[in-house]
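When we follow the numbering used here, the leftmost residue of the sequence shown carries the number 82, and every step to the right adds one.
Beta carbons are placed, not taken as given, at the ideal position from N, Cα and C, and that holds for glycine.
Reading through the structure tokens given below for one structure.
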Amino acid sequence: MVENREQWSSKIGFIFAAAGSAIGLGNIWRFPYVAGQNGGAAFVLLYLFFIILIGLPYMMAEFALGRKTQKNPIGAIESIKPKSAWKAVGFLGVITGLAILSFYGVIAGWTFGYIFNMAFGNSMVFEEFIANPLIVILLFAFFMLITTLIVHGGISSGIEKWSKILMPLLLVLLFGLVIYANTLEGSSAGLSFYLNPDFSKITASVVISALGQAFFSLSLGMGLMVTYGSYLSKKEDILTSTLYIGLFDTLIAIMSGLIIFPALFSMGGNVSEGPELIFMVFPKLFAQIPGGFAIGSIFFVLLSIAALTSTISLLEVPVSYMVDEKKKERKKIVWGAAFLAFLIGLPSALSQGSVNMFTEFGVVPTAFCDPDFLSHISFLFGDISLTVGAFFLSIFVGWVWGANKAADEISEGSKIFNKIRGIWIFMIKYFIPIVIFLFLLNTLGIYDLF
Ligand code: PHE
């Protein structure tokens, strides 16, 4: 019922919830390792380019669609274009949400485990830890349980209050670490790897990874921000909210790289380490600082909370769909969806050395992703599926709903938007879908852009 739909109590509440979804493991864990695997600075530059020219204008489209229709993505599509095949895009979003939650929960479990590892003076060997099926699955299950209980109890707003205090703390801690890491001997080579672009390193896989990472990091391409926009009141300014969220999100990712690469180069290590990267580098860094293990433990607490505000939002996607559209009882759906994501996540949990079949899964060529199952799900759903989803949703907003109607929705509550209205319409109708389309074809190897 539209009239009774809950709304965010304040603008800041909305921004924090959407930023809470955006900021997470994607910024601190995924961004540096993907940047490392894709050659460093050239990737970073492409990433920034995609955030500004594609991610942010596209995010406004998702918010507008949600606020206009007051629905989850599938319901939103249905109310604009009833009984059409466009609904499939919404379904893709729901499936993508479950798939991302499945591997994200595994990494969140590692993060949680590292709170204790740090408290006990980094006594674990990382490779042994992630190859231990029992521990990894228990931590994963625990993290999923906490997510489920929070979504089930409808107490996400409580978490938002906490994250309002804790996320700025994370920012301060990261800032301190940026300074520290860059004073280490040999760190400047890392800084140059990270900031000095070598354009010859740009290949099809670098481009698609940067584009995918831009969507992943901003939680875009699966309609999640449609759902969040549906709780937004007409008074709020979609343009400035989007800019704040984009700014925080990008800042945290960039800072994570400013710590990891200088530290890595000073300690010696492999830039294309993969998902292990931050779990290798951060503990070693903390070990060098006096009292560092306590700081390290706090760091992993904050990172776990950042992950939690993202897993909550991921679980909300299938849940709000089943509740709004299928009129199912919310509590049952919450448990059901979380359990499903847990089952899908088991092969990922077991793919880091414990079960050979999943560790050496190797279906996608290694130029695009590592052979383990987790990297496959992360690439296929975290990069490709979000990119495909954003392609279709931008066409849906730009052409089916109509860019002008969408722009009217955005300008309600945003006066400054009218100054860039024409540019935005051009971006959503032409630039975004065409650029995504070309890069997707390029990835499939249909032709060679580079
Ligand atoms: N944006 C989140 C992060 O960076 C991950 C995420 C992706 C969350 C897609 C929701 C949807 O950690």
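- With contacts defined as CB atoms closer than 7 Å, Pro154 and Gly304 qualify as a contacting pair.
- Excluding residues up to 5 positions away in sequence, Asp405, Glu406 lie with their Cβ nearer than 6 Å to the Cβ of Gly156 in the same chain.
- Per DSSP, reduced to three states, the secondary structure at Leu519 is helical.
- Nearest to Glu397 by alpha-carbon distance, out of Leu179, Gly136, Phe520, is Leu179.
- In this structure, Ile211 is the residue among Ile211, Ile216, Phe449 with its C-alpha nearest to the C-alpha of Ser432.
- Contiguous alpha helix (DSSP H) elements confined to the region 304-370 occur at 305-310, 319-348, 358-369, taking only those with 4 or more residues.
- Its chain contains Ala142, Ala145, Leu146, Lys149, Val478, Gly479, Ile509 as the residues whose beta carbon lies nearer than 8 Å to that of Ala487, once the 5 sequence neighbours on both sides are disregarded; these appear in chain order.
- Ile341 sits away from Thr228, with the two beta carbons spaced by 7 Å or more.
- A Cβ-Cβ separation of about 5 Å places Ser475 in contact with Ile513 under the 8 Å criterion.
- Under the criterion of beta carbons closer than 8 Å, Ala344 and Gly271 qualify as touching, at roughly 7 Å.
- DSSP places Ile497 outside both helix and strand once states are collapsed to three, so it counts as coil.
- Residues Gly117 of the same chain have their beta carbon placed closer than 6 Å to that of Val352, with the five preceding and five following residues left out of the count.
- Taking the Cβ of Ala166 as the reference point, every heavy atom of the ligand PHE lies at 6 Å or farther away.
- Taking the Cβ of Phe297 as the reference point, at least one heavy atom of the ligand PHE falls within a distance shorter than 6 Å.
- Scanning its chain for C-beta atoms nearer than 7 Å, with the 5 sequence neighbours on each side dropped, one finds no residue around Pro249.
- Between Phe280 and Ser290, the alpha-carbon positions lie close to 15 Å from each other.
- Counting every other CB atom within 10 Å of its CB across the protein chains shown gives Met403 a total of 16 or more, marking it as buried.
- Judged by pairs of C-beta atoms under 8 Å, the region 284-298 touches the region 105-120, as three or more such pairs exist.
- Taken atom to atom, the span from the alpha-carbon of Leu215 to that of His233 is near 26 Å.
- Secondary structure note for Trp191: its alpha helix (DSSP H) is the uninterrupted segment 168-200.
- Minimum Cα-Cα distance from Leu328 among the listed residues Ala100, Phe95, Asn499 corresponds to Ala100.
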